[in-house]
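To start, the structure under review is shown below, and the notes come after it.
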Amino acid sequence: MLFSGTDNHIAGLGQMTEHMARFMDKYKNRPGYEGYLNFRVAALSEILQDAGYHTIMSGKWHLGTTNETSPHARDRKDTEQPFFAYLPFTAPPWPLQAPRETIEKYKGIYDDGPEALRKRRLANLVELGLISEDSEPAPMTVELWDKMSPTEKAESARKMEVYAAMVDLIDVNIGRVVDYLDSVDELDNTFVLFMSDNGVEGTMLEAVPMMGSVGSVPRIISKYYNNLIDNMGMADSYTWYGPEWACASMAPSRGFKTWITEGGIRCPCLVRYPPFSKAGGSHTDSFCTVMDILPTVLDLAGVPLPGSRFRGREVFPVRGSSWVSHLEDQSPAFHDEEKEITGWELFGLRAIREGHWKALYMTAPRGKDKWELYNLKNDPGELHDLADNNPDIMDRLINLWEIYYSETGMFDPGHEFGVTKI
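Residue 422 is where the sequence shown ends in full-length UniProt numbering, and the numbering goes up by one at each step.
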């Protein structure tokens, strides 16, 4: 839903497609839970096509599996330059696979384990000015390394080496695109945005049913794959690096992918566009969301936001805002730092944010089975629950959650989702 400009519960992925398949009786024919980018929103690529852009996409895109929802059915062939290109990588969550020569570049780097890696990365973040020296990071709440045998440690470190190799290759291939743009003198005329769509993958997949299969993950892997240490990363291996390395990767934040804490929803975003006033290499920690990407790109392209109708159909309004004024140093932040309201929900995990205040609700074992309250400006690791000491703020945020719930057409399916405790 990165290019819809609106909430996932409106755009068609109110829940993950593979999860909805297990509960079709609850989700079938429910607006916002189609499992693909629906036609109630005007997608960024469609808007740019109508404005004369040639649109290019390669990779993962939740468009659906029918002829009517395919890229071909949505495409128009008569567009010309300028261009909009979307390159979504599926790497590196799982399976971890990369060429052996790339993996070998990282041999031995992670032999001291995830806690040591976490400390190095936190120190580097402080040195780069991305977090303050007195920031209190979320702790390593999964500690398996010290209990492992030497063989188990070697296998675990090898998984991290393969992970690093996959990230290396993402960097290499993005570099190829950037080099090409430079070679045709278009790089400085191109707005480049790179980001992740969620926190790092930290699930213990051995505890999760295999998607679309009656067998468990370990049973399927033992039958069809070779996960011996010398074969890890090869095409016939199937590994993942698990919650401990994920905690190291997401520091100082708490949690990871599918969590509603900052470790699950706060991601780095890199932007390159020389005409912006902000100097190269500068950074901002001003709050923004993926819903802002569509209005930002349209703002740069000089294309107006769609109205209530688009290509003959009714569409929902864009919920995001353009980043351009902040990146041009014309405003101190992307959004009002005190009043901006944003909500999230997945698998029944809920969060609502107003300014620096964030309320979240997570069922056990992830959370407390009640609303929690954090001040992200003072507590980015979400370690100190302030709900009991700030009942008025808590009540206001819960009321804002109810408004968000109603506005987006969300519903509570009334079932639980198995999770890994952290």
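Heads up, the beta-carbon is just placed ideally off N, CA and C, and yes, glycines get one too.
Check your understanding: Hey, would you say Trp94 sits closer than 8 Å to Pro114, going by beta carbons?
Key -> Position 94 of the sequence shown, counted from the start, is the residue given in the question as residue 94. Position 114 of the sequence shown, counted from the start, is the residue given in the question as residue 114. Pairing Trp94 with Pro114 gives a Cβ-Cβ distance that is not under 8 Å.
Review point. Which full runs of the beta strand (DSSP E) of 3+ residues lie inside the region 262-312, going along the chain?
Key: If only complete runs of 3 or more residues are kept, the region 262-312 shows the beta strand (DSSP E) at 269-272, in order along the chain.
Review point. Per the contact definition of three or more C-beta pairs closer than 8 Å, is the region 245-263 in contact with the region 180-190?
Key: No, the region 180-190 is not in contact with the region 245-263.
**Study point:** Residue from Arg22, Leu87 and Gly233 with nearest C-alpha to Leu104
**Key:** By 1-based counting over the sequence shown, the position of residue 104 is 104. According to the sequence as given, residue 104 is Glu; it is not Leu. For Glu104, the closest alpha carbon among the candidates Arg22, Leu87 and Gly233 is that of Gly233.
**Study point:** Given Phe276 as reference, the closest of Gly5, Thr190 and Asn226 once Cα atoms are compared
**Key:** What you label residue 276 is simply residue 276 of the sequence shown in a count that begins at 1. The shortest C-alpha to C-alpha distance from Phe276 to any of Gly5, Thr190 and Asn226 is the one to Thr190.
Check your understanding: Which first and last residues belong to the alpha helix (DSSP H) in which Ala157 is found?
Key -> Position 157 of the sequence shown, counted from the first residue, corresponds to residue 157. Its alpha helix (DSSP H) spans residues Pro150 to Ser183.
Exercise for review: Return yes when the Cβ of Leu44 is within less than 8 Å of the Cβ of Val297, no when it is not.
Suggested key: As a first step, residue 297 must be located in the sequence shown, where it is residue number 297. As a first step, residue 44 must be located in the sequence shown, where it is residue number 44. Inclusion of Val297 and Leu44 in the CB contact set at 8 Å is warranted, their separation being smaller than that value.
Review point. Does DSSP classify Arg118 as helix, strand or coil?
Key: Within the sequence shown, the letter at position 118 stands for residue 118. Helix.
Review point. If you pair each beta-carbon of the region 83-92 with each one of the region 162-178, do three or more pairs fall below 8 Å?
Key: Look at the beta carbons and you see the region 83-92 touching the region 162-178: at least three pairs across the two are nearer than 8 Å.
Exercise for review: For the beta strand (DSSP E) holding Arg100, just list the boundary residues, first then last.
Suggested key: In the sequence shown, counting from the first residue as 1, residue 100 sits at position 100. It is not in any beta strand (DSSP E) - Arg100 instead sits in the alpha helix (DSSP H) that spans Arg100 to Glu104.
Exercise for review: Using DSSP bridges, identify the partner residues of Arg40.
Suggested key: Translated into positions along the sequence shown, residue 40 becomes position 40. Bridge partners of Arg40: none, in fact.
**Study point:** Extent of the continuous alpha helix (DSSP H) run through Ala246
**Key:** The residue given as residue 246 occupies position 246 in the sequence shown. Boundaries of the alpha helix (DSSP H) around Ala246: Gly242 to Met250.
Exercise for review: Give every residue of the same chain whose Cβ lies closer than 6 Å to the Cβ of Met16, excluding the five residues on either side of it in the sequence, and list them in chain order.
Suggested key: Start at 1 with the first residue of the sequence shown, and residue 16 comes out as number 16. So no residue of the chain qualifies.
Check your understanding: Are the CB atoms of Gly199 and Gly263 nearer to each other than 8 Å?
Key -> Residue 199 sits at position 199 when you count from the first residue of the sequence shown. Residue 263 sits at position 263 when you count from the first residue of the sequence shown. Yes.
Practice item. Determine which residues share a DSSP beta bridge with Gly343 and list them. Key: Indexing the sequence shown from 1 puts residue 343 at position 343. Gly343 has Ile352 as its beta-bridge partners, per DSSP.
Review point. Helix, strand or coil for Glu18 per DSSP?
Key: In the sequence shown, the residue the question calls residue 18 occupies position 18. Under the three-state reduction of DSSP, Glu18 is assigned to helix.
Practice item. State the DSSP-derived secondary structure class of Met57, mapped to helix, strand or coil. Key: Translated into the one-based positions of the sequence shown, residue 57 becomes position 57. Strand at Met57.
Check your understanding: Where DSSP assigns a beta bridge to Val192, which residues make up the other side?
Key -> Position 192 of the sequence shown holds residue 192. The partner list for Val192 (beta bridge, DSSP) reads Arg272.
Point to revise | Per-residue burial, Pro137 [other beta carbons within 10 Å of its own, 16 or more giving buried] | key: Along the sequence shown, read from residue 1 onward, the residue named residue 137 stands at position 137. Label assigned to Pro137: buried.
Practice item. Would you mind reading off the limits of the alpha helix (DSSP H) that contains Trp401? Key: As a working note, residue 401 is residue 401 in the sequence shown. For Trp401, the enclosing alpha helix (DSSP H) starts and ends at Pro391 to Glu407.
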